[in-house]
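Let me begin by presenting the structure, written as structure tokens, before commenting on it.
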Amino acid sequence: MSRLRRRSRTAALAAALALVTTGALTAATLTAQSATAGVTSLGVTSLGVTSLGVTSLGVTSLEAEPVAATELYVDPTTQAHAAWEVAGGTDKDLLAKIALTPQAYWVGNWADADHSRAEVADYTGRAAAAGRTGVLTVYAIPGRDCGNHSGGGVPESEYARWVDTVAAGIEGSPVVVLEPDALAQLGDCDGQGDRVGYLRYAAAALTDAGARVYVDAGHSGWLSPGEAARRLQLVGFSDAVGFALNTSNYQTTAATQAYAEQVSAQVGGRPYVIDTSRNGNGSNGEWCNPRGRALGEQPRFVDDATSLDALLWVKLPGESDGACNGGPAAGAWWQEVALELAANASW
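In structure tokens form, the structure reads like this:
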């Protein structure tokens, strides 16, 4: 089961929108993009337009409609975009594959809550104004990453207020990937507080603000399908639409989707999204800055016979996983690896 009940107006509106986005406009933008960036197979432009097509209009209730019909937003403020703008020659062509592709905007407690709200308002406002769907990754849960390379998170007593403040900045109807690794690491370390309760609260607050929330559930090499489903059911789906897999990891799309369908079958057919940002040639068993990896499939919404809602770039390719395997601190730009990922891509 790919979706639950659809409304007839969804198909009508999607068909009308498809006439605009898949005709001459797409051809023109792609021609301009290939002429200026020197890349002919990206399917994206610096204006945030993709050639991926449209599916159907989305709302926050799974029972109502599937994912958003608008295309994904290309953020011109990423580190990849800044690197692409000043690059030349082959490097510019390679970096265009990353810079001109829609990616998630991560929001965490590296700044205070009010600053995070302002960042969210800016990003989602730009996406909404462009008629595109933004993707947010919310990453601030207490005990985040169990103190590893991305350790941190807000104090237990402040999480609800932080979430409320961030949710107040949401404009439009972005997709939200909620708290990568939080469920997969459930109970693995101290300082997590009521982690399940925090996730429930965040899902409700973000959904009420207009977001379409997918709770992160790790990747196909981590929990068994049954255990992933059990943990997702602890959080429930009274607010969250579905679940997210492979965030910042390298498992292939095929392996992840096979796993996801097993999980989905155990949680009532709930939909899921997959991070394909760096899984183009799969995992070599290393999760922190492995070398020789490749960009994966370009982001797009999906409307087929499976429960897959979208392929997304949740992790930003070229940004380090952490100070490991020669890399800089987590989130820092690492151009050598960015170029390697792009050069190894099959497109």
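Residues -27 to -1, 1 to 320, numbered by mature numbering (1 follows the signal peptide of the UniProt record, and there is no 0), are exactly what the sequence shown covers, in order.
Glycine included, C-beta positions come from ideal geometry on N, C-alpha and C.
Predicted model only: the values in this text are computed from it and were never measured.
Around the C-beta of residue 82, are 16 or more other C-beta atoms found within 10 angstroms, so that it is buried, or is it exposed? Counting Cβ neighbours within 10 Å, residue 82 comes out buried, since at least 16 surround it.
Short check: CB of residue 225 to CB of residue 255, under 7 Å? If you check the CB distance, residue 225 and residue 255 come in under 7 Å.
Between the CA atoms of residue 76 and residue 307 - distance to the nearest angstrom: Going by the C-alpha atoms only, they are around 17 Å apart.
Once DSSP output is grouped into helix, strand and coil, what is the label at residue 231? Secondary structure at residue 231: helix, using DSSP grouped into helix, strand and coil.
Provide the residue(s) that pair with residue 62 in DSSP beta bridges, ordered along the chain. Answer by DSSP bridge pairing: none, since residue 62 is not bridged.
Assuming residue 368 contacts residue 127 under a Cβ cut-off of 8 Å, what Cβ separation, rounded to an integer in Å, is found between them? Nothing about residue 368 can be reported from this structure: the residues present for the chain run from -27 to 320 only.
Given a cut-off of 7 Å, decide if residue 267 and residue 274 are closer than it, judged by their beta-carbon atoms. The answer is no: Cβ separation not under 7 Å.
So who's on the other strand from residue 113, going by DSSP bridges? Looking at the DSSP assignment, residue 113 forms no beta bridge with any residue, so it has no partner.
Those runs of the alpha helix (DSSP H) which lie wholly inside the segment 176 to 242 and span at least 4 residues: Unbroken alpha helix (DSSP H) runs of no fewer than 4 residues, entirely contained in the segment 176 to 242, are found at 198 to 208, 226 to 238, following chain order.
Would residue 240 and residue 198 qualify as a contact pair, given that the criterion is a beta-carbon distance under 7 Å? Residue 240 is not a Cβ neighbour of residue 198, given a cutoff of 7 Å.
Can you tell me where the beta strand (DSSP E) holding residue 101 begins and where it ends? Run containing residue 101: none in the beta strand (DSSP E); it sits in the alpha helix (DSSP H), 86 to 102.
In this structure, what does DSSP give as the bridge partners for residue 310? The partner list for residue 310 (beta bridge, DSSP) is empty, contrary to what the question assumes.
Spell out a yes or no on whether the segment 100 to 109 and the segment 135 to 151 are touching, meaning 3 or more CB-CB pairs, one atom from each, closer than 8 Å. Between the segment 100 to 109 and the segment 135 to 151, the count of Cβ pairs shorter than 8 Å is three or higher; the stretches touch.
Could you tell me which of 119, 54, 124 sits nearest to residue 303, measuring between CA atoms? Nearest Cα to residue 303 within the set 119, 54, 124: 124.
When 51, 301, 196, 297 are compared against residue 159, the one with the closest alpha-carbon: Here the closest residue by C-alpha is 196.
For residue 79, the three-state DSSP class (helix, strand or coil): DSSP places residue 79 in strand when its eight states are reduced to three.
Count the other CB atoms, across all protein chains shown, that sit within 10 Å of the CB of residue 63; report buried if there are 16 or more and exposed otherwise. Residue 63 is exposed by the Cβ-count criterion.
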